[in-house]
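There are 2 protein chains.
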Amino acid sequence: MIPNLKIDGERLWDSLMDTARFGATPKGGLKRLTLSADDKLVRDWFVAEATKYGCTVGFDEVGNLFARRPGKDPSLPPIAMGSHLDTQPTGGKFDGILGVLGALEVMRTLATAGYETNAPIEVVDWANEEGSRFSPAMLASGVFAGIFSRETAWETKDRDGIAYRDALEGIGYLGEERAGDHPLSAYFELHIEQGPILEAEGETIGVLTGVQGMRWYDVTVTGQDAHTGATPMRLRKDALVGASLVIAGIERIAETYGSDAVASVGTVEVHPNSRNVVPGEVAFTVDLRHPDDAVIDRMEADFRALLADTCVARGLDWTESRFWNSPAVRFDPRLVDCVDRAAAKHGFLRRRMVSGAGHDAVYLSRVTPTTMIFVPCAGGVSHNESEDAQPVDCAAGAQVLLDAVLAFDATLARG
Amino acid sequence: MIPNLKIDGERLWDSLMDTARFGATPKGGLKRLTLSADDKLVRDWFVAEATKYGCTVGFDEVGNLFARRPGKDPSLPPIAMGSHLDTQPTGGKFDGILGVLGALEVMRTLATAGYETNAPIEVVDWANEEGSRFSPAMLASGVFAGIFSRETAWETKDRDGIAYRDALEGIGYLGEERAGDHPLSAYFELHIEQGPILEAEGETIGVLTGVQGMRWYDVTVTGQDAHTGATPMRLRKDALVGASLVIAGIERIAETYGSDAVASVGTVEVHPNSRNVVPGEVAFTVDLRHPDDAVIDRMEADFRALLADTCVARGLDWTESRFWNSPAVRFDPRLVDCVDRAAAKHGFLRRRMVSGAGHDAVYLSRVTPTTMIFVPCAGGVSHNESEDAQPVDCAAGAQVLLDAVLAFDATLARG
């Protein structure tokens, strides 16, 4: 039997607002770059708060921070919940932070109720999720999951030449535990949606079934610079008109593959970019995503055909390279089911969805059963100081996190 | 009777190559910014050469340089031929220069033959045609034609804060003659085409009937920034796709109005221009040209309708402003006819055409009967160090200039 425990939405909100002083920006956002002085302050706050509620706190060799509350059966690996406390340079108060403080609130609720889970419960702050100061993003969860080596993390440097390991040691969070020497029973991550769907549909809970596969491409279309006045249309090789037809066509490719397909061009560089010169070269980037890698294969083929057909028809040259491929992730159906039932139990309007953005959960899913929970954010805006979420939605997310964890924990009962 | 005088193509070519040392760049082009030390050197060369052939040289208060050979009737205003000796920062050896040195070659031919024209003949180097150092372009011919005031020219400053008047005085070419106090009987300008038509058609002489009207616009399309992964297609307001549809549509507008219509987008700026952000704003520039202002009116209306329809259909906002309008110019039919017959006399393949670029002749046409002669340039390339033209074509252009001037001069005979 799973008990009816209620998280304290006000306590959660107060923690979100209280810790937002660490790295607060004048515009109401946060600049809390990983392993900075402000990151140390929020970590210290987290350690103190978790300790106050009876947790044991530890951190590993790449700075992942674990607050553990014991369970009945010490032989069970812990059920982990978390996300990250670092932010973008002009980030908001919720991206990542809600996942850590929501998990902390779940732990506080259990502690306050004196409820004993079967497995230990861990609240995790994964280091350097954003990748703004040290590249790549999701670095420390990646080391934890065996994607990157410890040395890769340690040796990466920020723009001032400071190595990750030195920065970590500098704020006192270089641990001795080998990253990944730490099996988990499951991993749950609560996060703001960072997209507009839940808000647009009037729903409170996103029940995540996976993460979109995504592929990134660099494209260059080359024609010939020419004087806009002296060159008749029939003698032009206008790289920009060619690129524009491809850009508009990429939108139609996405629409061909249903509502889960997205295709975007985010950047364009025109050369020589002069008012009275027909552009001789245009470089742009393409981003294709879908929850099913087989569909992305078809989108990719369509995109390549569109590019080739458009350029051949206009006497343009082109180059195209796929330089990043992140395969689609399917979350563990048992965990997804726990989230779905938890949301249903509280009558929250919900939707099964896939994440369009990368999260620590992508890497965690390689080593442990994983899922995520989304709550709406205002206008879908994130990575921005104006990022915002409603207290009632944050509370709903933490409540679903609690009930889902308890439901999964119940499945671990022995005998 | 018009005599059969032959210009010396080799002498013309030697002068083109010889003066190309003033401001020569390592890549074989020229950097001869107006009123620079190199501009002084080529002016000094021009003065010496014209004087050697019996011309009187003078210059006006904005630095326009006139070499005059007397005619039979001193009461007739001179027939002027010319262009400019200044270049773009990475310019070529022909743009403008061919028009001055071709005119000089015509004068040398007359002097060598001892042929006396009815009207005086003037070879003119208009100052600051390019506008690269001092803005705007065609500044000194504009003052000559009463488009700009003398003070506008004198007070304009280069990037180092040096005023035009001071630079002019510095190289010793600040004259006392009031610009424009100098009536002309006619003005002929020989120039490389700066476009690909003559070369593509295998023709030698462009018989210019006018200059295209041109209008320039600034456009901004505004949608909403959004995460490329988290934002479904149906919830996007993608400013770039909207802009791309307009850019591709502008090409079709040009095609609607026949082979003389050109329409171009030369610059695009995407915001935030990030690989994984759906662009929220795109700014671009539009350039519409046609020899008939009434047709440009229709192209403009079509462009505005296309922009509005595209944006309205996609929920995008837009701004659009026409910030420059250069009305179409029609050259004097008598002069055009002189050029046409001169080309025919020598059996040069020729074509009537309009100039797509601005030239000193645009302003001169406001105050005196004017026309232009084009010769082919390699690939239509200009404003580039690789700008190139064939000796035989340069000679053909100068020969047509000579015969056209003589034909027009014959019409000035009294009694």
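For the record, the sequence lines run as chains A and B.
Per the working numbering, residue 60 is the first one in the first sequence, and the count goes up by one each step.
Per the working numbering, residue 60 is the first one in the second sequence, and the count goes up by one each step.
Ideal Cβ positions, reconstructed from N, Cα and C, are used throughout, including at glycine.
### Task
Check the Cβ of Ala416 of chain A against every Cβ in chain B and list those closer than 7 Å, keeping chain order.
By Cβ distance, chain B contributes His286, Gly288, Ala289.
### Task
Report buried or exposed for Asn335 of chain A, applying the criterion of at least 16 other Cβ atoms within 10 angstroms of its Cβ.
Buried, by the Cβ-count rule.
### Residues sharing a beta bridge with Leu257 of chain A, DSSP
Leu257 of chain A pairs with nothing; no bridge assigned.
### Message
Considering only their Cβ atoms, is the gap separating His330 of chain A from Gly272 of chain A smaller than 8 Å?
### Response
Their beta carbons are not under 8 Å apart, which means Gly272 of chain A does not touch His330 of chain A by this criterion.
### Task
Rounded to whole angstroms, what's the CA-CA distance from Met60 of chain A to Pro338 of chain B? Just pull it up for me.
Near 50 Å, if we compare the C-alpha coordinates of Pro338 of chain B and Met60 of chain A.
### Query
Measuring CA to CA, which of B:Ala401, B:Ile251, B:Glu359 is closest to Ile312 of chain B?
Answer by Cα proximity: B:Glu359.
### Query
Do Leu243 of chain A and Thr427 of chain A have their CB atoms nearer than 8 Å?
Leu243 of chain A is a Cβ neighbour of Thr427 of chain A, given a cutoff of 8 Å.
### Contact list for the stretch 314-328 of chain B against chain A, Cβ threshold 7 Å
So the close ones are Glu314, Ser318, Val321, Ser323, Val324, Gly325, Thr326, Val327.
### Message
Mapping the DSSP letters down to three states, classify Gln283 of chain B as helix, strand or coil.
### Response
Looking at Gln283 of chain B - three-state DSSP - the assignment turns out to be strand.
### Query
Of all the CB atoms in chain B, is at least one closer than 8 Å to the CB of Asn187 of chain A?
Asn187 of chain A does not count as touching chain B.
### Message
Just verifying my parser: in three-state terms, what is the DSSP assignment at Asp376 of chain A?
### Response
For Asp376 of chain A, the three-state secondary structure derived from DSSP is strand.
### Query
Can you tell which of A:Glu120, A:Glu379, A:Asp351, A:Leu461 has its C-alpha closest to the C-alpha of Tyr232 of chain A?
Considering only alpha carbons, the answer is A:Glu120.
### Message
Determine whether the beta carbon atoms of Pro341 of chain A and Ala285 of chain A lie at a separation below 8 Å.
### Response
The question names Pro, yet the displayed sequence has Val at residue 341 of chain A. Contact: no.
#### Entry: Between the CA atoms of Gly220 of chain B and Ala420 of chain A - distance to the nearest angstrom
Distance from the CA of Ala420 of chain A to the CA of Gly220 of chain B, rounded to the nearest whole angstrom, comes to 58 Å.
### Query
Among the residues of its own chain, which have a CB less than 7 Å from the CB of Asp225 of chain B, if the five just before and after it don't count?
The answer is none, since no qualifying residue turns up.
### Task
Whole angstroms is fine: what's the gap from Ala307 of chain B's alpha carbon to Asp376 of chain B's?
Taking C-alpha positions only, Ala307 of chain B is separated from Asp376 of chain B by approximately 19 Å.
#### Entry: Any alpha helix (DSSP H) of 4 or more consecutive residues that is wholly inside the stretch 161-206 of chain B
Segments of the alpha helix (DSSP H) lying fully in the stretch 161-206 of chain B: 198-203.
### Task
Say whether the stretch 454-470 of chain A touches the stretch 391-402 of chain A, bearing in mind that this needs 3 or more beta-carbon pairs closer than 8 Å, one atom from each stretch.
Short answer: they touch.
### Query
Alpha carbon to alpha carbon, how far is Thr93 of chain A from Pro255 of chain A?
The alpha-carbon atoms of Thr93 of chain A and Pro255 of chain A are separated by roughly 27 Å.
### Query
Between the C-alpha atoms of Thr369 of chain A and Trp383 of chain B, what's the straight-line distance to the nearest angstrom?
Straight across, the Cα-Cα distance linking Thr369 of chain A with Trp383 of chain B is about 33 Å.
### Query
With a CB to CB cut of under 6 Å and the five nearest residues on each side skipped, what residues in its chain are close to Val183 of chain A?
So the list reads Phe125, Ala139, Gly141, once near-sequence residues are dropped.
### Task
Scan the stretch 326-353 of chain B for residues whose Cβ lies nearer than 7 Å to a Cβ of chain A and list them as they occur along the chain.
Hits within the stretch, in order: Thr326, Val327, Val329, Asn332, Ser333, Arg334, Asn335, Val336, Val337, Pro338, Thr344, Asp346, Arg348.
#### Entry: 8 Å Cβ cutoff, Leu160 of chain B in contact with chain A
No - not a single Cβ of chain A is within 8 Å of the one on Leu160 of chain B.
### Query
Exposed or buried, what is Glu314 of chain B when buried is set at 16 or more other beta-carbons lying within 10 Å of its beta-carbon?
By the neighbour-count rule (16 or more Cβ atoms within 10 Å), Glu314 of chain B is not buried but exposed.
### Task
Identify the contact partners of Ala259 of chain A in chain B, using a Cβ-Cβ distance below 7 Å as the criterion.
At a C-beta separation below 7 Å, Ala259 of chain A has these neighbours in chain B: Leu294.
### Query
To the nearest angstrom, how far is it from the Cα of Phe203 of chain A to the Cα of Asp297 of chain B?
For the pair Phe203 of chain A and Asp297 of chain B, the Cα-to-Cα distance works out to about 37 Å.
### Message
Here's the rule: buried if 16 or more other CB atoms are within 10 angstroms of the residue's CB, otherwise exposed. What is Val395 of chain B?
### Response
Result: buried.
### Task
Could you tell me which chain A residues have their CB closer than 9 Å to the CB of Trp275 of chain B, listed as they occur along the chain?
Within 9 Å Cβ-Cβ: Arg334, Asn335.
#### Entry: chain B contacts made by the stretch 424-442 of chain A, where a contact means CB separation under 7 Å
Taking 7 Å as the upper bound on Cβ-Cβ separation, chain B lies near residues Gly439, Ser441 of the stretch 424-442 of chain A.
### Query
Using 8 Å as the limit for Cβ to Cβ distance, is Glu248 of chain B near chain A?
With 8 Å as the cut-off, Glu248 of chain B does not count as an interface residue toward chain A.
### Test item: CB-CB of Arg128 of chain B and Pro62 of chain B under 8 Å
Result no, Cβ atoms of Arg128 of chain B and Pro62 of chain B do not sit closer than 8 Å.
### Message
For Met441 of chain B, which residues in the same chain have their Cβ closer than 7 Å to its Cβ, ignoring the five residues on either side in sequence?
### Response
This sequence places Ser at residue 441 of chain B; Met is not what is there. Scanning its chain for C-beta atoms nearer than 7 Å, with the 5 sequence neighbours on each side dropped, one finds around Ser441 of chain B the residues Gly151, Asp154, Ile251, Gln253, in chain order.
### Query
If Val270 of chain B and Val413 of chain B are in contact, beta carbons under 8 Å, what's the gap, nearest whole angstrom?
About 6 Å separates the Cβ atoms of Val270 of chain B and Val413 of chain B, confirming a contact at the 8 Å cut-off.
#### Entry: Contacts around Arg473 of chain A, its chain only, beta-carbon distance under 7 Å, and the 5 residues preceding and following it disregarded
Contacts found: Asp132.
### Message
Could you check if Arg167 of chain B belongs to the surroundings of the ligand SAH, using beta carbon to heavy atom distance under 7 Å?
### Response
Absence of the ligand SAH from the depicted structure is noted, as is the absence of any ligand whatsoever, leaving it without description.
### Query
For the beta strand (DSSP E) that Arg410 of chain A lies in, which residues bound it at each end?
For Arg410 of chain A, the enclosing beta strand (DSSP E) starts and ends at 409-414.
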